[in-house]
Amino acid sequence: MIELVELTKKFRYRNKENKWAWKTAVAGLSVSVNPGEIFGLLGPNGAGKTTTI
195 MIELVELTKK FRYRNKENKW AWKTAVAGLS VSVNPGEIFG LLGPNGAGKT TTI
């Protein structure tokens, strides 16, 4: 089994004032995939699919 519980991903970036800030890209994601199941992430461009993986 693959299980993610409350996954959160944050990235550090420079804001308009050229200061470091944090941006939350994924917050509180929980997923369980059992043996033999097929799992896919679907969504529009920019939805955060690659960031999640």
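Residue 195 is where the sequence shown starts when you use our numbering, and the numbers rise one by one after that.
All residues carry an ideal CB built from backbone N, CA and C; glycine is no exception.
Check	Outcome
The stretch 232 to 239 contacting the stretch 201 to 215, beta-carbon criterion three pairs below 8 Å	no
Nearest-angstrom Cα separation, counted from residue 209 out to residue 252	What is shown of the chain runs 195 to 247, which leaves residue 252 out entirely.
Terminal residues of the beta strand (DSSP E) in which residue 217 lies	214 to 227
Residue range of the unbroken beta strand (DSSP E) whose run includes residue 203	196 to 208
Integer Cβ distance of residue 226 from residue 197, believed to fall under 8 Å	5 Å
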